[in-house]
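*Asks:* Starting off with a structure, shown below.
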Amino acid sequence: MTIKSNIPKGPLDKKWSNHKFNMKLVNPANRRKYKIIVVGTGLAGASVAATLGELGYNVHSFCYHESPRRAHSIAAQGGINAPKNYSNDGDSVYRLFYDTIKGGDYRAREANVYRLAEVSGSIIDQCVAQGVPFARDYAGYLDNRSFGGAQVARTFYARGQTGQQLLLGAYAALNRQIDAGSVKFYERREMLDLVMVEGKARGIIARNLINGKIESYAADAVVLATGGYANVFFLSTNAKASNATAVWRAHKRGALFANPCFTQIHPTCIPVSGEHQSKLTLMSESLRNDGRVWVPKQKGDSRQANQIPENERDYYLERLYPSFGNLVPRDVASRRAKEMCDNGYGVGSSKMAVYLDFADAIKRLGKDAIFEKYGNLLDMYKQITGEDPYQVPMRIYPAVHYTMGGLWVDYNLMSSISGLFILGEANFSDHGANRLGASALMQGLADGYFIAPYTISNYLASNKFSPVKEEQKEFTDAENSVTSTINKLLSIDGNKTVDEFHREFGKVMWDYVGMGRTKQGLQKALKLLPEIRSKFWKEVKITGNAHDINTELEKAQRVADFMELGELIAIDALHREESCGGHFREEFQTEEGEAKRNDKKFSYVAAWEFSGKPGSPKLNKEKLDFEEVHPSQRSYK
Amino acid sequence: MNLTLKVWRQKDKNDEGRFIEYSAKNISPDMSFLEMLDIVNIDLVKKGETPIVFDHDCREGICGSCGMMINGRAHGPGRGIATCQLHMRSFADDDEIVIEPWRAKSFPVLKDLMVDRTSFERIMRSGGYTSAKTGGIPDGNSILVPKPVADEAFDAAACIGCGACVAACPNSSAMLFVSAKVSQLALLPQGQAERETRVQRMVAQMDEEKFGSCSNTYACEAECPKGISVVHIARLNREYITAQL
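This is how it looks when you write it as structure tokens:
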């Protein structure tokens, strides 16, 4: 397969404006005739559905929850970046672009990242107009804070609930279009297949989660904004239902999957407390603005944190990275925490945690100021652990949080399938091998409000569409295949639950395809993962039937797909013989233990093609050209 | 810990429903309430029975999916938390725990503990927004919102739409939910243009959905996982009356 990124010609800062002018438009009177399916209602899905509705397209929005507001974007805490330079500290579009390219360890496309930085300012304006209650100062101006990987304060926030407020803004915009009749909303529907007609994406198959009916929906274009795949690890900070089924089934229909091994481990999560753990909870990176990370200088020190005197504490991030200190990027902070614990400096009963301490900040700013900034996060911590972070330091440990990889898209956010657009975390486009904090919200909304509405219009205006009906063969065939998979799962009647399989699979993923990867470990994973998958298809037990609400059946389908995707992640990680960003191969590191890239061999996007059966994908490469930023060893010292 | 659960089981909308007793064994006090139910469900599936169905997703108290009456209280004992944030250390060994779905006419039970809250959706669609279209928007700092106003708007906007307010209310009133949105947008300059039509339409839809009236018991505020104040209900009333004049 030849892959074309379709990056417009011209200077970096003119590419998007030139492209916008060159793209074709659909006359306002004709837009109603085009039907667009949008799957997912998080930041990217809700914002694109609302915007396409405003433009006058016939939009159909699908969501597996009862309400768009339940999408996992709601849980993002810290903030959203924009180079407004309101803080007057030297920020600019170029600096945000530069920080993001560098933060991504030079594995993202320059043109995409520049465009992201360019439109991000408008996102703030848009959200303000919607009534998003961003933090303000007493004069009424917008307030900013700083985040990892940046030396300017460019992060806009709404206490520790920024994702919630931005999603509620997009949800409100979507509601307005539903009310106006330009968007039709389908709740509790899960997409289970993509339907292609004459080589173009022309519809989806969805299961009605209330009555189990398998339904067909035809359209002229399909947008997937279905989030990331961190739950392949079972334990992650993603919501329980977050899954990769929509993108994986599109992959099996021909969409390339790019850089699956670029997974992000977030440094500040609440440590695992026991075998029963069902998910992990993130503590926003913003806490590293005022919290100091440390471990005891003495190995295996079992004293309480408050009994360890100042000179016996190792503030290792401040020691190793004097200029960025506690605000180094996520991949660096996570790796160092793991290293400290692996070397015996871990704290807490499991010894798999480091301290995040607010004592100095409370002394300097007062308890009220800390409450004002982080109150809800510290309360959440107390609720889960039973410890008061105002009195004792928090215990934190890294956890899987975000996936930079995703379906491959060109500059227009279109996948390798014509008419299939991928937005937000579901695509691979902007974060390279590591995403900086407060950039996920930015990307989701940039894609949805300001990029895809233009590029989808261009696609519709540039193509001819033969009439397609839900009764035709392509749809009935896909429906039959979905139904037969469901029947097969229900008929196994084995002895192990879906969760038990998922947990077992996730543990192998975490142990061998997690934070530190080696050739040997990955090879072992590639042996174990298919074994677990084949056991799953023989021994899983799902009760109930396919004709009403069956949460076990829903989970089983998602886990079945994770078990194929997990193997692809391991294959990608094994093939990429370098360390970059979130992908750390222990064989490839500098003397100081930093990720060592191999630009000569691996400066490309690995876009994997489904070959017909899991475990034997075909590799396509999209070479990355750096015209503006010269890739160098990332340094945060 | 070992516990006895009395759980409401109901096949679908039309089924009458009944309590069924289960025992939850070897439960760690560090588990969350939903993790305890996960364990019970694994046992049920292994026995060939259908698991207890409940809505849940983020499990960190922000998506608003989960919600059940636990020993007669919305989201169970403890203040300012959703069901997913409730931990088993709030219970004692050998406790009996009664678990029911939200009880309200406007929230019909779909199955077991899962209810249909689309009535909330229809209320939000009837005006819970500013009509700001994408694009053509002035700079964020051209609209000034002093901190105390932004903070109060945020307090209202923090609603997670879980429905605990309705479930806790003896009248099944949705006033706290509706007032949170009306109040947020009434406080902010961005919400002024549609201030009157918004409150009228949202209240009309709320009545159409057959939610009850507010009789100031304040059970909603007591059980709200985000601690949303009934002051917003007062503001809703004022907004509504002003809009009628």
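As you go down the protein sequences, you meet chains A and B in turn.
Residues in the first sequence are numbered consecutively from 20, following my numbering.
Residues in the second sequence are numbered consecutively from 173, following my numbering.
All C-beta atoms, glycine included, are put in the ideal place defined by N, C-alpha and C.
On a predicted model such as this, the values are computed, not experimentally measured, just so you know.
(1) Which class does A:Arg12 belong to by DSSP, given the choice of helix, strand or coil?
(2) Can you check whether the CB of A:Gly601 is closer than 8 Å to the CB of A:Asn671?
(3) Output needed in chain order: residues of the segment 255-282 of chain A with a Cβ under 7 Å from some Cβ in chain B.
(4) Between A:Arg226 and chain B, is the shortest Cβ-Cβ distance under 8 Å, so that the two count as touching?
(5) If you scan the segment 224-297 of chain A from start to end, which runs of the beta strand (DSSP E) of 3 or more residues do you find wholly inside it?
(6) Suppose contacts are defined by Cβ-Cβ distances below 8 Å. Is A:Arg508 in contact with A:Ile561 by that definition?
(7) Starting from the N-terminal side, write out each stretch of the alpha helix (DSSP H) that is 4 residues or longer and does not extend beyond the segment 158-220 of chain A.
(8) Spatial neighbours of B:Val287 within its chain, please: CB distance less than 7 Å, with the 5 preceding and 5 following residues excluded, ordered by chain position.
(9) Among the candidates A:Gly218, A:Val202, A:Arg178, A:Ala244, whose CA atom is the shortest distance from the CA of A:Lys483?
(10) Decide if A:His566 is buried, meaning its Cβ has at least 16 other Cβ atoms within 10 Å, or exposed.
(11) Under 7 Å Cβ to Cβ from A:Gly318, same chain only, skipping five residues before and after it: list those, please.
(12) Whose CA, out of B:Gln182, B:Gly333, B:Cys386, lies closest to the CA of B:Val225?
(13) For A:Glu331, count neighbouring C-beta atoms within 10 Å of its own C-beta (all shown protein chains included) and say buried if the count is 16 or more, exposed if not.
(14) By DSSP, does B:Gln364 sit in helix, in strand, or in coil?
(15) Please classify B:Ile192: is it buried, with 16 or more other beta-carbons within 10 angstroms of its beta-carbon, or exposed?
(16) Ignore the nearest five residues each way along the sequence and tell me which others in A:Tyr76's own chain have a CB closer than 6 Å to its CB.
(17) Can you list, in chain order, the residues of its chain with a C-beta nearer than 7 Å to that of A:Gly140? Leave out the 5 residues immediately preceding and following it.
(18) Beta carbons nearer than 7 Å to chain B: which residues of the segment 195-221 of chain A have them?
(19) Assuming contact is defined by CB atoms lying nearer than 8 Å, are B:Thr255 and B:Leu177 in contact in what I supplied?
(20) Could you check the C-alpha separation between A:Asn257 and B:Tyr412 for me, to the nearest Å?
(21) Rank A:Arg338, A:Thr282, A:Ser368, A:Ser342 by C-alpha distance to the C-alpha of A:Arg657 and give the top, closest one.
(22) What residues in its chain sit with their C-beta under 6 Å from that of A:Tyr133, if we drop five residues either side in the sequence?
(23) Going straight from the alpha carbon of B:Met208 to that of B:Ile199, what length do you get?
(24) Can you round the beta-carbon distance between B:Ala325 and A:Pro472 to whole angstroms, since I take them to be within the 8 Å contact cut?
(25) Could you spell out the range, first to last residue, of the alpha helix (DSSP H) harbouring B:Leu216?
(26) Considering only residues of the same chain and omitting the five flanking positions on each side of A:Asp580, which have a CB-CB separation below 8 Å?
(27) Hey, how far is the Cα of B:Val338 from the Cα of B:Val212?
(28) Run down chain B in chain order and give the residues with a C-beta less than 8 Å from the C-beta of A:Gly293.
(29) My understanding is that A:Pro417 touches A:Pro286, with C-beta atoms under 8 Å, so please give their C-beta distance in whole angstroms.
(30) Any Cβ of chain B within less than 8 Å of the Cβ of A:Gly150?
(31) What residue ranges within the segment 388-435 of chain A form continuous alpha helix (DSSP H) runs of no fewer than 4 residues, ordered along the chain?
(32) In angstroms, rounded to a whole number, what distance separates the CA positions of A:Met528 and A:Glu596?
(33) Buried or exposed for A:Ser553, going by 16 or more other Cβ atoms inside 10 Å?
(34) Go ahead and label A:Gly123 buried or exposed: buried means 16 or more other beta carbons lie within 10 angstroms of its beta carbon, across all protein chains shown.
(35) Take A:Ala90 and list the residues in its own chain whose beta-carbon comes closer than 6 Å to its own, dropping the five residues that flank it on each side.
(36) Alpha carbon to alpha carbon, what distance is there between A:Tyr83 and B:Ile295?
*Replies:* Result, derived from the coordinates:
(1) In the structure as shown, chain A begins at 20 and stops at 656. Residue 12 of chain A is therefore absent and cannot be evaluated.
(2) This structure does not reach residue 671 of chain A, given that chain A is present from 20 up to 656, and the question cannot be answered.
(3) Ala258, Lys259, Ala260
(4) no
(5) 233-237, 240-243, 282-288
(6) One detail in the question is off: residue 508 of chain A reads as Leu in this sequence, not Arg. It is a contact, given that the beta carbons lie within the stated cut-off.
(7) 181-199
(8) Pro273, Trp274, Phe279, Pro280, Val281
(9) A:Gly218
(10) exposed
(11) Before going further, note that residue 318 of chain A is Lys rather than Gly in the sequence given. So the qualifying residues of the chain are Gly363, Tyr364.
(12) Considering only B:Gln182, B:Gly333, B:Cys386, the residue with the shortest C-alpha distance to B:Val225 is B:Gln182.
(13) exposed
(14) B:Gln364 falls in the coil class under three-state DSSP.
(15) exposed
(16) Arg50, Tyr53, Ile55
(17) Ala101, Pro102, Lys103
(18) Arg195, Ile197, Asp198, Glu206
(19) No, the Cβ-Cβ distance between B:Thr255 and B:Leu177 is not below 8 Å.
(20) 40 Å
(21) No information on residue 657 of chain A is available, as it lies outside the stretch 20 to 656 that chain A covers here.
(22) Within the same chain, and ignoring the five residues on either side of A:Tyr133 in sequence, the residues whose Cβ sits closer than 6 Å to its Cβ are Leu31, Phe116.
(23) 7 Å
(24) B:Ala325 to A:Pro472, Cβ: 28 Å. No contact.
(25) 205-218
(26) Correct list, in chain order: Asn262, Ala263, Thr264, Trp267, Arg268.
(27) 28 Å
(28) Around A:Gly293, the beta-carbon contacts reaching into chain B at under 8 Å are Ser200, Asp202, Met203.
(29) By a beta-carbon distance limit of 8 Å, A:Pro417 contacts A:Pro286. Their separation comes to about 5 Å.
(30) Closer than 8 Å: yes.
(31) none
(32) 18 Å
(33) exposed
(34) It is buried - the Cβ of A:Gly123 has at least 16 other Cβ atoms within 10 Å.
(35) Thr60, Gly61
(36) Between B:Ile295 and A:Tyr83, the C-alpha separation is close to 20 Å.
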